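According to the working numbering, the residues represented by the sequence shown are 66 to 252, in order. C-beta atoms are modelled at their ideal positions from N, C-alpha and C, and glycine is treated no differently. Predicted, not measured: the structure shown is a model, and the values here were computed from it. Below is one structure, written out as structure tokens, with a few remarks after it.
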Amino acid sequence: MIKDMDLWEQTFQRIIREKKPHHRWKLKVDNNLEVKSLRPGWKQYTQKGLARFRCSLCGRSWVSAQVLILFWMCLKEPYGRVKMRVFGQRCQKCSRALFEEPEFSPEGVEKVLGCLVVRILLKCYRESARAAVPSEDPLREILVAARRWELRGVPAGRLLPEPIGRQGLGGPSQKHPHLVPGPAACL
Ligand SMILES: [Zn+2]
């Protein structure tokens, strides 16, 4: 479950081809991916990103910097594969809320995938890549995202910082504390 998959694929191809122009990598969504059920030959990487959600029942929006993204990576030169699963969150106001899909900004996609490529270089090529991703102030990042969304008609005051919904990982009983700015660093 992911919106703007074209953007994810194009961004990933641009970043990975800069680093490994002679190898061919593919990025695919796999909603059955689970933490800890890794198959032989695959490496695992989890990351938290910043995205917006909207409840399909009450219309409430919220921003979370704790959007969990799970990646599996496998390299058999010259081909590489990445499987990706993005975990949804649920509205905390609605008792029957569904897991909603996150909406990432282009900058958010760039950042997540920049970190992914750093991790691919490290785990699949054993290169200690210097992070090509700028480390931003996470709170500033949230404010920028909120401002952008406000331009689309969602008041920023409603986006900041609300208690985040529950992650799709681990079932409905897993709760998270209040919104915490996500990690700026990749590794
Ligand atoms: Zn709701």
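Pair every Cβ in the segment 69-76 with every Cβ in the segment 113-133, then say whether three or more of these pairs are closer than 8 Å. No: fewer than three Cβ pairs fall under 8 Å.
Rounded to a whole number of angstroms, what is the C-alpha to C-alpha distance between H88 and L181? Each residue's Cα considered, the two are about 16 Å apart.
For S150 versus L98, is the C-beta spacing smaller than 7 Å? Inspection of the sequence shows that residue 150 is occupied by Arg rather than by Ser. The beta carbons of R150 and L98 sit closer together than 7 Å.
C-alpha distance - L186 paired with D69, whole-angstrom precision: Distance from the CA of L186 to the CA of D69, rounded to the nearest whole angstrom, comes to 25 Å.
Every unbroken alpha helix (DSSP H) inside the segment 146-195 [4 residues or more]: 171-188, all fully within the segment 146-195.
Return yes when the C-beta of R117 is under 6 Å from any heavy atom of ligand 1, and no when it is not. Not so, every heavy atom of ligand 1 lies at least 6 Å from the Cβ.
Taking 7 Å as the cut-off, decide whether the C-beta atoms of G114 and G179 are in contact. The Cβ atoms of G114 and G179 do not sit closer than 7 Å to each other.
Check K101 in the structure and name its three-state DSSP category. Three-state DSSP puts K101 in coil, outside helix and strand.
Inter-stretch contact at 8 Å, needing at least 3 Cβ pairs: the segment 161-176 / the segment 103-111: Because the criterion of three Cβ pairs below 8 Å is not met, the segment 161-176 and the segment 103-111 do not touch.
If you measure from the CB of R146, is any heavy atom of ligand 1 nearer than 6 Å? In this structure, ligand 1 has no non-hydrogen atom nearer than 6 Å to the beta-carbon of R146.
How big is the Cα-Cα spacing for I80 and L140? For I80 and L140, the gap between their C-alpha atoms comes out near 16 Å.
Using CA atoms only, rank isn't needed, just tell me which of S121, K188, V94 is closest to Q154. Selected option, being the one with the closest Cα: S121.
Using CA coordinates, which residue listed in V128, K84, M138, S129 is at the minimum distance from D95? Out of V128, K84, M138, S129, M138 has the C-alpha closest to the C-alpha of D95.
Between the alpha carbons of S129 and C156, how many angstroms are there, rounded? CA-CA distance, S129 to C156, rounds to 12 Å.
Quick one: is C189 buried, meaning 16 or more other Cβ sit within 10 Å of its Cβ, or exposed? By the beta-carbon neighbour count (other beta carbons within 10 angstroms, threshold 16), C189 is buried.
Could you check what DSSP says for R89 in three-state terms: helix, strand or coil? Residue state, collapsed to three classes: strand.
Quick check on R231: buried or exposed, where buried means 16 or more other Cβ atoms within 10 Å of its Cβ? Note that R231 has pLDDT 43, beneath the 50 cutoff, so the model's placement of it is unreliable and the number below is only indicative. Classification for R231: buried.
Hey, A116 and E168: beta-carbon distance below 7 Å or not? Going by C-beta atoms, A116 is nearer than 7 Å to E168.
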